[in-house]
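Chemist: The listed protein sequences derive, respectively, from chains A and B. Using the numbering used here, read the first sequence as starting at 71 and increasing by one per residue. Using the numbering used here, read the second sequence as starting at 29 and increasing by one per residue. Glycine residues also receive a C-beta, built at the ideal position from the N, C-alpha and C atoms. None of these values were measured; they are calculated from a predicted model.
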Amino acid sequence: MSAPTAPGRARTRSTASLRHRLAERGVDKSLWMLVPALFFALALFIYPFSYGIGLTFQPSPAMQEKWGAGAFSNYVGFFKDSFVFDSVWLTMRLALPVALFNVLASVPMAFKLRRRFRGKKLLTTLLVLPITLGTVLTAQGLLIFAGRQGWLNRFLIQIGVIDQPLALVNNYLGVVFSLVISGFPFAFLLISSYLSGIDPSIEAAAKTMGANWVQRFRRVILPLLAPGLATTFILTFVLAFSVFPSARLVGDAMGSTRVMSLMAFRAFGEQNDYPMASTIAVMTGVVELVVIALVLLWRSSMYKGSTGGKG
Amino acid sequence: MSTPTRAFQSLRLKNVGRSFGGQDALVGLDLTIRQGEFIALLGPSGCGKSTALNCLAGLLPLTHGEIFIDDQRVDLLPAEKRDFGMVFQNYALFPHLTVEKNIAFGLEMRKIPKVEIKRRVADAIALVKLEQHATKLPGQLSGGQQQRVAIARAVVVEPRLVLMDEPLSNLDAKLRLEMRTEIRRLHQSLGLTTLYVTHDQEEALSMADRLVVLREGRVQQIGTPAELHNHPANWHVADFMGYRNLVDLKVTAVNGSAVTVGAPGFTLRGTAAQPVTVGENVRVAIRPEDLVVVSPAVPAHAGNSVTATVSVVEYHGREFAVGVTGPDGRNLHVRADHAPDIGSVVELTADPARVLVFAADLLGPSTLSVEERELLEVRT
Chain A
71 MSAPTAPGRA RTRSTASLRH RLAERGVDKS LWMLVPALFF ALALFIYPFS
121 YGIGLTFQPS PAMQEKWGAG AFSNYVGFFK DSFVFDSVWL TMRLALPVAL
171 FNVLASVPMA FKLRRRFRGK KLLTTLLVLP ITLGTVLTAQ GLLIFAGRQG
221 WLNRFLIQIG VIDQPLALVN NYLGVVFSLV ISGFPFAFLL ISSYLSGIDP
271 SIEAAAKTMG ANWVQRFRRV ILPLLAPGLA TTFILTFVLA FSVFPSARLV
321 GDAMGSTRVM SLMAFRAFGE QNDYPMASTI AVMTGVVELV VIALVLLWRS
371 SMYKGSTGGK G
Chain B
29 MSTPTRAFQS LRLKNVGRSF GGQDALVGLD LTIRQGEFIA LLGPSGCGKS
79 TALNCLAGLL PLTHGEIFID DQRVDLLPAE KRDFGMVFQN YALFPHLTVE
129 KNIAFGLEMR KIPKVEIKRR VADAIALVKL EQHATKLPGQ LSGGQQQRVA
179 IARAVVVEPR LVLMDEPLSN LDAKLRLEMR TEIRRLHQSL GLTTLYVTHD
229 QEEALSMADR LVVLREGRVQ QIGTPAELHN HPANWHVADF MGYRNLVDLK
279 VTAVNGSAVT VGAPGFTLRG TAAQPVTVGE NVRVAIRPED LVVVSPAVPA
329 HAGNSVTATV SVVEYHGREF AVGVTGPDGR NLHVRADHAP DIGSVVELTA
379 DPARVLVFAA DLLGPSTLSV EERELLEVRT
């Protein structure tokens, strides 16, 4: 923390040595510790990322001919080619409900698991376990369990609840299930930790002041939890928005789950059009940034300080 | 502010108990609180005083007993329906609400008209002298100011009972004294029935109308400050009431309430605070102020003196606090009107009436019969 100089008082000039004055501003030998991280950031992120952005402005001859906007042909193509542009909506249609569900379902869970009770560890483990499953394993499990010939459908038909198998995979629903399975544990862990940062005596105080649980949640817990909800939403949204394997494995890759990353992969792998693939990838990032910006805007209107309540 | 609208005659705790997984935190608490009374629950940490407070507030369910306000049973009501105000040790202010809104919260929950809320909040803020800070967030206030907000927030709804859980323990010594007076002043001007939990005997003695001393979840004594101060029921209460010198000795003679106690090398005359017999091991309690170094201005009480070696001398303004080593190597805390040399041998004396002799075993009121306990209860 830097102490601001009081207005109207002349700043006294430091008489310390240059090294001390630099150290005061955080410039000292410990900066060398950043070197490995900087090297990897440069080699593995900044250079390839800039290169990819550069590629987007070097459209293939086919794209230039089709859209005829010179260096911007790829971007014009992205917005004008409805086959490509529709994937924005298709991805959003998956990611938004999934992110919302993960956050909203985590809140009551985290609440319930805040108190100590028998079997709490087991339940937490079960909730968090899916993190360890890869997307492919989840997809395979879903196919075996919920497919047309899966256990679930066979069981339901046998007991006579349904007579036609339910279409739970290889469509929109399949991807939603897969994203919830992999995204919920993250959301739950994050919200649990945010919730445990709220001093329980604050809620007890609201209780003694006559607030019932709805009022306590709305007036006290929710405003304090809001920044955590925003962060959690952003993380689980980004995870869901960049979905690729499950959209392919348990989704309808050419229909209802033709997400942006699939489109990028198609341009790259099937059409050998690196510049267009990069353009779709960059636009994926742009759409995510827009959503993140909106969420952060909402968050900035909420209380942001400590939630411990101690003086 | 007016007197509470929902006044009651008495609040009765009947055999209230709470155990956590087989561990008794509070056992058989019987207490009757009258309208307007200021009661302090006093005891060392872990004695069950906060448990008692939380049980009363409804934040912890009881495992035994009942609580009545007049004829209404309240221990089955949820905390939000009890109409009590509570001040927490860590203040528990809503960090996202301004001082005003923190104070208005309880009134809003009670669906009071906006105009009246505004007036009552302004009154409460004036009461705790926080007018300049009304629109600040709790994080921008000092500890003492936060404490005042917490108190204003608890009393603004004019609750049937105000519960305070060690409200001053996070403040520095000077502020603690100021706030102590402030709370007492508030209590006198508002007349709100108050239950105050503390481990600080000075705080309890100076503020409360009656004290309840707890130890290991059991009531040791209930009485007025003067009663507890002058007639502690057992050595534990004495220890808490500032009898810093607790010495284990043997009874050599008993004559009514006058008891002679001693150890090889010295004898002392005292007063029996509990029935004792000759030959019994007893614990003798003397306040430092009552055990003084003999000097020309302070003559020895007839035949009641002990010699000791001075080990520590502290200057306390009007007098000196002296640490001495007694004849059998025991450390004693005494007072002197002059500063004796360290290592010198001094003569100590005490008024036999101020030397209290207790049974070494703790037999508190919790082991007394019901009738005796009720007698203790009504004796105010």
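Grouping DSSP H, G and I as helix and E and B as strand, with all else coil, what is A:V290?
Modeler: Taking the first sequence and counting its residues from 1, one reaches residue 290 of chain A at position 220. A:V290: helix per DSSP, three-state reduction.
Chemist: Between B:R213 and A:R186, what straight-line distance do the alpha-carbon atoms span, to the nearest angstrom?
Modeler: In the second sequence, residue 213 of chain B corresponds to position 185, counting from 1. In the first sequence, residue 186 of chain A corresponds to position 116, counting from 1. One C-alpha to the other measures close to 41 Å.
Chemist: Applying the 10 Å Cβ sphere with the 16-neighbour rule, what's the burial state of B:I145?
Modeler: On the second sequence, position 117 is the one that residue 145 of chain B refers to. Classification for B:I145: buried.
Chemist: How would you label B:D111, buried or exposed, when you count the other beta carbons within 10 angstroms and need 16 or more for buried?
Modeler: As a position in the second sequence, residue 111 of chain B is number 83, starting the count at 1. Note on B:D111: 16 or more other CB atoms within 10 angstroms of its CB, so buried under the neighbour-count rule.
Chemist: Whole angstroms are fine: how far does the CA of A:G147 sit from the CA of A:Y344?
Modeler: Start at 1 with the first residue of the first sequence, and residue 344 of chain A comes out as number 274. Start at 1 with the first residue of the first sequence, and residue 147 of chain A comes out as number 77. Roughly 14 Å between the two C-alpha positions.
Chemist: Taking only beta-carbon atoms, is A:I272 less than 8 Å away from chain B?
Modeler: Counting from 1 along the first sequence, the entry for residue 272 of chain A is found at position 202. True, the Cβ-Cβ gap to chain B drops below 8 Å.
Chemist: Going by the DSSP bridge assignment, what does B:E375 pair with across the sheet?
Modeler: Position 347 of the second sequence, counted from the first residue, corresponds to residue 375 of chain B. DSSP lists B:T335 as partners of B:E375.
Chemist: Counting only the same chain and skipping the five closest in sequence on each side, list residues whose C-beta sits under 7 Å from that of A:F171.
Modeler: The count along the first sequence starts at 1 and reaches residue 171 of chain A at position 101. Around A:F171: V250.
Chemist: At which residues does the beta strand (DSSP E) containing B:M269 begin and terminate?
Modeler: Residue mapping note: residue 269 of chain B aligns to position 241 of the second sequence, counting from 1. Counting along the chain, B:M269 falls outside any beta strand (DSSP E), and DSSP gives it neither H nor E.
Chemist: At least one CB of chain A closer than 8 Å to the CB of B:N419: is that the case?
Modeler: Residue 419 of chain B falls outside the range modelled here, since chain B spans only 29 to 408, and no answer is possible.
Chemist: Does the beta-carbon of B:I250 have 16 or more other beta-carbons within 10 angstroms, so that it is buried, or is it exposed?
Modeler: To locate residue 250 of chain B, count along the second sequence from 1; it is residue 222. Under this definition B:I250 is a buried residue.
Chemist: Does the Cβ of B:R101 have 16 or more other Cβ atoms within 10 Å, making it buried, or fewer, making it exposed?
Modeler: Walking along the second sequence from the start, residue 101 of chain B turns up at place 73. B:R101 counts as exposed, since fewer than 16 other C-beta atoms from the protein chains shown sit within 10 angstroms of its C-beta.
Chemist: Identify which residue in A:S120, A:M330, A:L366 has its Cα closest to the Cα of A:A165.
Modeler: Counted from its first residue, the first sequence places residue 165 of chain A at position 95. The candidate whose alpha carbon is nearest that of A:A165 is A:M330.
Chemist: Residues of chain B with CB closer than 7 Å to the CB of A:G136, please, in chain order.
Modeler: Within the first sequence, residue 136 of chain A is the residue found at index 66, counting from 1. In the sequence as displayed, the identity of residue 136 of chain A is Lys instead of Gly. Ordered by position in chain B, no residue passes the 7 Å Cβ test against A:K136, which lies about 54 Å from the chain.
Chemist: Using 8 Å as the limit for Cβ to Cβ distance, is A:D156 near chain B?
Modeler: Locating residue 156 of chain A in the first sequence gives position 86, where the first residue counts as 1. It does not; no Cβ of chain B falls within 8 Å.
Chemist: So the candidates are B:T226, B:L105, B:G171, B:E94; which of them puts its Cα closest to the Cα of B:P72?
Modeler: Start at 1 with the first residue of the second sequence, and residue 72 of chain B comes out as number 44. Of the listed residues, the one whose Cα sits closest to B:P72 is B:T226.
Chemist: By a C-beta neighbour count over all protein chains shown, 10 Å radius and 16 as the cutoff for buried, is A:M386 buried or exposed?
Modeler: Outside the displayed range of chain A (71 to 381) lies residue 386 of chain A, so it cannot be described from this structure.
Chemist: Under the DSSP definition of a beta bridge, which residues are partnered with B:M192?
Modeler: Taking the second sequence and counting its residues from 1, the one referred to as residue 192 of chain B is at position 164. Note: B:M192 sits in a beta bridge opposite B:V115, B:Y224.
Chemist: Are the C-beta of A:G280 and some C-beta of chain B separated by less than 8 Å?
Modeler: Position 210 of the first sequence, counted from the first residue, corresponds to residue 280 of chain A. Yes, its Cβ sits closer than 8 Å to a Cβ of chain B.
Chemist: Within the 8 Å Cβ cut-off, does B:R311 reach chain A?
Modeler: As a working note, residue 311 of chain B is residue 283 in the second sequence. Not closer than 8 Å to any Cβ of chain A, the Cβ of B:R311 fails to qualify, so no.
Chemist: Could you check what DSSP says for B:T295 in three-state terms: helix, strand or coil?
Modeler: For the purposes of this step, residue 295 of chain B is taken as residue 267 along the second sequence, with counting starting at 1. Strand at B:T295.
Chemist: For B:F48, decide whether its Cβ has a neighbour in chain A, counting only Cβ atoms nearer than 8 Å.
Modeler: Translated into positions along the second sequence, residue 48 of chain B becomes position 20. With 8 Å as the cut-off, B:F48 does not count as an interface residue toward chain A.
Chemist: Determine the chain B residues that contact A:Q128 at a beta-carbon separation under 7 Å, and present them in chain order.
Modeler: As a first step, residue 128 of chain A must be located in the first sequence, where it is residue number 58. The premise fails here: A:Q128 is roughly 51 Å from chain B at the closest Cβ pair, so nothing lies under 7 Å.
Chemist: Could you check what DSSP says for B:T353 in three-state terms: helix, strand or coil?
Modeler: Here the question's residue 353 of chain B lines up with position 325 in the second sequence. Strand, per DSSP.
Chemist: Using a Cβ-Cβ distance cut-off of 8 Å, determine whether A:V284 contacts chain B.
Modeler: Walking along the first sequence from the start, residue 284 of chain A turns up at place 214. A:V284 does not count as touching chain B.
Chemist: Is the separation between the beta-carbon of B:L70 and that of B:H264 shorter than 8 Å?
Modeler: Here residue 70 of chain B corresponds to residue number 42 of the second sequence, with the count starting at 1. Here residue 264 of chain B corresponds to residue number 236 of the second sequence, with the count starting at 1. No, they are not a contact pair.
Chemist: Is the beta carbon of A:P315 closer than 8 Å to that of A:L205?
Modeler: Here the question's residue 205 of chain A lines up with position 135 in the first sequence. Here the question's residue 315 of chain A lines up with position 245 in the first sequence. Contrary to the premise, residue 205 of chain A reads as Thr rather than Leu in this sequence. In contact: A:T205 and A:P315 (Cβ atoms closer than 8 Å).
Chemist: DSSP on B:I211, reduced to helix/strand/coil?
Modeler: Walking along the second sequence from the start, residue 211 of chain B turns up at place 183. In this structure, B:I211 counts as helix in the three-state DSSP scheme.
Chemist: What beta strand (DSSP E) runs, 3 residues minimum, are completely inside the segment 236-278 of chain A?
Modeler: As far as the segment 236-278 of chain A is concerned, it has no whole beta strand (DSSP E) run of at least 3 residues.
Chemist: If we define contact as Cβ-Cβ less than 8 Å, is B:F386 a contact residue for chain A?
Modeler: Counting from one through the second sequence, the residue named residue 386 of chain B turns up at place 358. So, not an interface residue.
Chemist: Enumerate in chain order the residues of its own chain whose CB-to-CB distance from A:V245 is below 7 Å, with the five nearest sequence positions on each side excluded.
Modeler: Start at 1 with the first residue of the first sequence, and residue 245 of chain A comes out as number 175. L164, V313, S316, A317, V320, G321, T327, listed in sequence order.
Chemist: I'd like the list of long-range same chain contacts for B:V340, defined as Cβ closer than 6 Å, with 5 residues on each side in sequence excluded.
Modeler: To locate residue 340 of chain B, count along the second sequence from 1; it is residue 312. G351.
Chemist: Taking the alpha-carbon positions, what's the A:Y242 to B:K129 distance?
Modeler: The residue labelled residue 242 of chain A in the question sits at position 172 within the first sequence. The residue labelled residue 129 of chain B in the question sits at position 101 within the second sequence. A:Y242 and B:K129: Cα-Cα distance of roughly 47 Å.
Chemist: Tell me, please, whether the CB atom of A:V290 is closer than 8 Å to any CB atom in chain B?
Modeler: One-based indexing of the first sequence puts residue 290 of chain A at position 220. So yes, A:V290 belongs to the interface.
Chemist: For A:M133 and A:R336, what's the separation of their Cα atoms in angstroms?
Modeler: Taking the first residue of the first sequence as position 1, residue 133 of chain A is located at position 63. Taking the first residue of the first sequence as position 1, residue 336 of chain A is located at position 266. Each residue's Cα considered, the two are about 15 Å apart.
Chemist: Give a yes or no on contact between the segment 195-213 of chain B and the segment 233-251 of chain B, applying the rule of three or more CB pairs nearer than 8 Å.
Modeler: yes
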